[in-house]
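A.B. asks: If you count the sequence shown from 1, position 244 lands on 236 in our numbering, and the numbers rise without skipping. My questions will all concern the structure given below.
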Amino acid sequence: MSESNAGAGRELVERLHRRLDRIEDLLEPAAGPEERPSWRQPTEGEERWAVTVAILVAVGLQLLLPDRLTIHPRWLLPALDVTLLLALAAVHPHRRFDRSSILLRGLGLSLVAAISLANAWSAVELVRELLRGTGPDGALALLGTAGAVWATNVVAFALWYWEWDRGGPVARAQATKAYPDFLFPQMQQTGISAPDWKPYFGDYLYVAFTNATAFSPTDTMPLTTWAKLLMMVQTSVSLIIVLLVVSRAVGILQ
């Protein structure tokens, strides 16, 4: 009887263990593929019209600047911008950014660099004028010139953010990078945007504009070192222009 009781006890214990294992399996989530956030799902490529309009606006603002604030000949860099834009359209004559190559990447970055170089030159010359007390005598002329430099600065940095965040527009559409460089509100909370939401150029333009006006990030946070440094440079340029222009304009009005 003792052996029979011992065998029954062992069987009971084994049954209890099996039942506990089944309960644990039911409580644990089913094993499956790794859950990915919505912005890491591949989507259709971004349309190119918004970026094209922004580039043409930057070129137009550069052409409106006085000769003393531009690289001579003054048509050189704007012509280079338009040439690179046409080359991009010829190499990739599609409505959306849906494929990438070394040539396309190089042309895009060269275009942004040309716009940034032209505007950096204009910003340096403007600051030199303000520090020396030279330049336009009228407050409206001063504000118009400084406003063109400031607005081009916003577009240029928006293009940099757009080109570099998670590898650029094509890489974002294909969801090739695991971690973002900028954290948008739609990436932090579900239910406030479309399930396949991704930042487009307008979102980066907003980031550049708010950074240039608030002199700090607002609702979108930079996560990587390069993003923080780039936003710091943009903030510094905007702050210098605004402070010097306002002080000079007040002096002229008085």
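Glycine is no exception: its CB is placed at the ideal position from the N, C-alpha and C atoms. Source: prediction; values computed, not measured.
Does DSSP classify leucine 221 as helix, strand or coil?
C.D. replies: Three-state DSSP puts leucine 221 in a helix.
A.B. asks: Between which residues of its own chain and methionine 179 is the CB-CB distance below 7 Å, once the five residues before and five after are set aside?
C.D. replies: Taken in chain order, the residues that qualify are Pro29, Trp31 and Pro172.
A.B. asks: Give the DSSP-derived three-state secondary structure of leucine 245 in the structure shown.
C.D. replies: For leucine 245, the predicted model reports a pLDDT of 49, less than 50, meaning its position is unreliable and no value from the coordinates is stated.
A.B. asks: Would you call the segment 159 to 169 in contact with the segment 105 to 117, where contact means no fewer than 3 C-beta pairs closer than 8 Å?
C.D. replies: No, they do not touch.
A.B. asks: Between leucine 96 and histidine 84, which are expected to be in contact by the criterion C-beta below 8 Å, what is the C-beta distance as a whole number of angstroms?
C.D. replies: That pair is a contact at about 6 Å.
A.B. asks: Go through the segment 91 to 138 residue by residue and report every complete run of the alpha helix (DSSP H) that reaches 4 residues or more, in order.
C.D. replies: Those alpha helix (DSSP H) runs which fall completely within the segment 91 to 138 and span 4+ residues are 94 to 124.
A.B. asks: Would a C-beta distance cut-off of 7 Å place valine 237 and alanine 138 closer than the cut-off?
C.D. replies: A contact, by the Cβ cut-off of 7 Å.
A.B. asks: Residues bridged to arginine 175 by DSSP?
C.D. replies: With the sequence shown as reference, residue 175 is identified as leucine, and arginine is not the correct amino acid for it. In DSSP, leucine 175 forms a bridge with Met213.
A.B. asks: Is arginine 7 helix, strand or coil by DSSP?
C.D. replies: In this structure, arginine 7 counts as helix in the three-state DSSP scheme.
A.B. asks: Residues in its own chain within less than 7 Å of leucine 53 by CB, not counting five upstream and five downstream?
C.D. replies: Result list for leucine 53: Ala140, Ala143 and Thr144, in chain order.
A.B. asks: Excluding the 5 residues preceding and the 5 following valine 119 in the sequence, name in chain order all residues of the same chain whose CB lies nearer than 8 Å to its CB.
C.D. replies: Cβ neighbours of valine 119 beyond the five flanking positions: Ile232, Ile233 and Leu236.
A.B. asks: Just list the residues that DSSP pairs phenylalanine 89 with in beta bridges.
C.D. replies: Per DSSP, Glu38.
A.B. asks: Just the C-alpha distance for isoleucine 47 and arginine 124, rounded to the nearest angstrom, thanks.
C.D. replies: Cα to Cα, the separation comes out at about 32 Å.
A.B. asks: Evaluate the contact criterion for the segment 215 to 225 versus the segment 64 to 83: three or more CB pairs, one atom per stretch, below 8 Å.
C.D. replies: Taking 8 Å as the limit for Cβ pairs, the verdict is that the segment 64 to 83 does not touch the segment 215 to 225.
A.B. asks: Looking only at its own chain, which residues have a Cβ that is under 7 Å from the Cβ of leucine 215, when we skip the five neighbours before and after it?
C.D. replies: Hits under 7 Å: Pro172, Asp173, Phe174 and Leu175.
A.B. asks: Ordered along the chain, which non-local residues of its own chain (more than five positions away) have a Cβ less than 8 Å from that of glutamine 166?
C.D. replies: Contacts found: Pro34.
A.B. asks: Could you round the C-beta distance between leucine 134 and arginine 60 to whole angstroms and report it? I think they count as a contact, below 8 Å.
C.D. replies: With 8 Å as the limit, leucine 134 and arginine 60 do not qualify as a contact, their Cβ atoms being about 13 Å apart.
A.B. asks: In terms of alpha-carbon separation, which member of Tyr192, Ala200, Thr126 and Ser185 lies closest to valine 229?
C.D. replies: Closest by alpha carbon: Ala200.
A.B. asks: Out of Ala186, Leu109 and Asp90, which has the shortest C-alpha to C-alpha gap to aspartate 73?
C.D. replies: Looking at the Cα atoms, Leu109 is the closest of the given residues.
A.B. asks: Rounded to whole angstroms, what is the Cα-Cα separation between alanine 23 and leucine 4?
C.D. replies: The predicted position of alanine 23 is uncertain, since its pLDDT is 41 and thus under 50; a value taken from the coordinates is nonetheless stated next. Alanine 23 and leucine 4: Cα-Cα distance of roughly 30 Å.
A.B. asks: So, helix, strand or coil for tyrosine 196, using DSSP?
C.D. replies: Here tyrosine 196 sits in helix by DSSP.
A.B. asks: Between the alpha carbons of leucine 197 and leucine 99, how many angstroms are there, rounded?
C.D. replies: When rounded, the distance between both Cα atoms is 20 Å.
A.B. asks: Go ahead and pull the three-state DSSP assignment for alanine 186.
C.D. replies: Three-state result, alanine 186: coil.
A.B. asks: Please report the Cβ distance between arginine 87 and glutamate 39, rounded to the nearest whole angstrom; I am assuming they are in contact, meaning their Cβ atoms lie under 8 Å.
C.D. replies: The Cβ separation is near 6 Å, so the contact holds.
A.B. asks: Determine the DSSP secondary structure at asparagine 67, reduced to helix, strand or coil.
C.D. replies: The displayed chain sequence assigns tryptophan, not asparagine, to residue 67. Reduced to three states, the DSSP call for tryptophan 67 is coil.
A.B. asks: How would you label arginine 11, buried or exposed, when you count the other beta carbons within 10 angstroms and need 16 or more for buried?
C.D. replies: The residue is exposed, with fewer than 16 neighbouring Cβ atoms inside 10 Å.
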